[in-house]
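Asks:
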Amino acid sequence: MASETKHAPGAKKIDAGSIAKPFREEVRTQVQKLKDSGIDAPLLVGLLANSDPAARKYAEWTGRACRADGIRYELREMDDPIDVEAALRDANDDPRVHGIIVYYPIFGQVESFSGESQDDYLRDTVSHKCDLEGLCHTYRSSLYRNNRFVDFPTNTKKCVLPCTALSVVKILESIPTCYDKSKPIGRHMEGKTVSIINRSEIVGRPLAAMLANDGADVYSIDIDSIYLFRGGRLHKCEGETPESCVRKSNTVVTGVPTKNYRLPSEWIQPNTTVVNVASFKNVNEDEILQIEGVQYVPMVGKVTVAMLERNLMRLFYNFHHPDVQHEDRSKAALEEQHPVPWYGSALQIYTALAATAILGMMLTKSK
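Just so you know, we're using my numbering here: the sequence shown kicks off at 77 and counts up by one.
1) Assuming I273 and G331 are in contact, meaning their beta carbons sit under 8 Å apart, how far apart are those beta carbons, in whole angstroms?
2) Give me, in chain order, the residues of the same chain whose beta-carbon lies closer than 7 Å to that of G280; leave out the 5 immediate sequence neighbours on both sides.
3) Tell me the rounded alpha-carbon separation between V270 and S193.
4) When you compare only the Cα positions, how much space is there between E316 and C206?
5) Please name the residue in E277, G146, D227 whose C-alpha comes closest to that of T240.
6) Which residues in the same chain as A87 place their Cβ atom closer than 6 Å to its Cβ, once the five residues preceding and following it in sequence are excluded?
7) Per DSSP, H311 is paired with what?
8) Measure the alpha-carbon distance for I177 versus Y149 and round it to whole angstroms.
9) Smallest Cα separation from Y372: which of V294, D156, Q345, E385?
10) Identify whether G262 lies in helix, strand or coil by the three-state DSSP scheme.
11) Between the Cα of N168 and those of L208, A144, F228, D155, spot the shortest distance and give me the residue it belongs to.
12) Are the beta-carbon atoms of V381 and T138 separated by less than 8 Å?
13) Do T253 and N347 have their C-beta atoms closer together than 8 Å?
14) Following the continuous beta strand (DSSP E) through T327, name the residue where it begins and the one where it ends.
15) To the nearest angstrom, how far is it from the Cα of L120 to the Cα of L388?
16) Could you check whether V244 and V491 sit closer than 8 Å to each other, using their CB atoms as the reference points?
17) Rounded to a whole number of angstroms, what is the C-alpha to C-alpha distance between R386 and T230?
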């Protein structure tokens, strides 16, 4: 029997399942409390209209996890991608549905009049009240402007964040050398440098924004360009290469969706955290675990599913819980009984009249 390959001192392969476990236990507790109160568990609807094996596998994982944790899950399959928009609007309008996930790519796989941009259109078609993935315009724009609440200025309802990107953040939070929770919010990764080899709208771009919002310098590396996210600003990098970025990074995230790509192991520095989010292995696992202090996460799928469930619960408590719906109906009824006048408040009309009078006096004096 061959002996196991020994890792370098401090090098470690991290099981994402152990990180996902407490989040799923929290979801199970929340669901049980709802059931004990006579409230049905939230309903998640998945829409699948492609033959991508990875998408179908993700749908199967989602269903198994939801059922195991007491969440209702319904997969709606379409033979023709053109039917997805109608199915999506039906789900948006269905009061029984509390969360929606669309398994992409859809139009990106086959010839389409709209091309790949049709998938972007579908993402923006999902109602923000049901957008489990946090990819619609409401949540994307909030993320890139570092607005953490969806109900400004009351700030009682936190935004939903993209599941896979959020899973990487939660993984990094669990590694003491990555996140420093003793610092204020927005500075937990201050002084850290991250390289993300992926700039998709689903993973790479939102992840770069999230880590930059937490204080890191983030290199966003794509096929033909490198950008630096720093302090809420995006800078195009001249003179940098993927190698130079990776060599100076404390954390490296790989998300290249092809089996032919391998990140050169010699670029990885000691004590670096490496997270692989691609469905293919983007690194040589044996080689990087021979680098001192490397923390390696080979897969994020289990944490992604846990974040998906967590997002569903957030949507439910933000918009769908019976108490919230009762409050919304009460507000609407009150507004009908006491409509807001066209001029706003008395203070607004007083200010407008005063400003008009002052302007009139100034014009009179000028004559």
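Yeah, the Cβ is synthetic: ideal placement off N, Cα and C, and Gly gets one too.
These numbers come from a predicted model, not from an experiment.
Replies: According to the structure data:
1) Your numbering for residue 273 matches position 197 in the sequence shown. Your numbering for residue 331 matches position 255 in the sequence shown. Taking C-beta atoms under 8 Å as the contact rule, I273 and G331 qualify, at a distance of about 6 Å.
2) For the purposes of this step, residue 280 is taken as the residue at position 204 of the sequence shown. Around G280: I272, N274, S296, G331.
3) Along the sequence shown, read from residue 1 onward, the residue named residue 270 stands at position 194. Along the sequence shown, read from residue 1 onward, the residue named residue 193 stands at position 117. CA-CA distance, V270 to S193, rounds to 29 Å.
4) As a working note, residue 316 is residue 240 in the sequence shown. As a working note, residue 206 is residue 130 in the sequence shown. Each residue's alpha carbon lies about 40 Å from the other.
5) Taking the sequence shown and counting its residues from 1, one reaches residue 240 at position 164. Taking only the C-alpha atoms, the option nearest T240 is E277.
6) For the purposes of this step, residue 87 is identified with residue 11 of the sequence shown, where counting begins at 1. Around A87: L365, V370.
7) Reading the sequence shown from its first residue, position 235 is the one you call residue 311. For H311, which the question treats as bridged, DSSP gives the partners L304.
8) Residue mapping note: residue 177 aligns to position 101 of the sequence shown, counting from 1. Residue mapping note: residue 149 aligns to position 73 of the sequence shown, counting from 1. When rounded, the distance between both Cα atoms is 11 Å.
9) Here residue 372 corresponds to residue number 296 of the sequence shown, with the count starting at 1. Sorting V294, D156, Q345, E385 by C-alpha distance to the C-alpha of Y372 places Q345 at the top.
10) Residue 262 sits at position 186 when you count from the first residue of the sequence shown. DSSP places G262 in coil when its eight states are reduced to three.
11) Here residue 168 is taken as the residue at index 92 of the sequence shown, counted from 1. Relative to the Cα of N168, the nearest Cα in the group L208, A144, F228, D155 belongs to L208.
12) For this step, residue 381 is matched to residue 305 along the sequence shown. For this step, residue 138 is matched to residue 62 along the sequence shown. Yes, the pair counts as a contact, with Cβ atoms nearer than the cut-off.
13) Against the sequence shown, residue 253 aligns to sequence position 177. Against the sequence shown, residue 347 aligns to sequence position 271. With contacts defined by Cβ atoms closer than 8 Å, T253 and N347 form a contacting pair.
14) Numbered from 1 along the sequence shown, position 251 holds the residue referred to as residue 327. For T327, the uninterrupted beta strand (DSSP E) run begins and ends at 327 to 330, by DSSP.
15) On the sequence shown, position 44 is the one that residue 120 refers to. On the sequence shown, position 312 is the one that residue 388 refers to. If you take the alpha carbons of L120 and L388, they lie about 7 Å apart.
16) Lying before the first or after the last residue shown, residue 491 is absent from the chain, which here runs from 77 to 443.
17) Position 310 of the sequence shown, counting from 1, holds the residue named residue 386. Position 154 of the sequence shown, counting from 1, holds the residue named residue 230. Straight across, the Cα-Cα distance linking R386 with T230 is about 22 Å.
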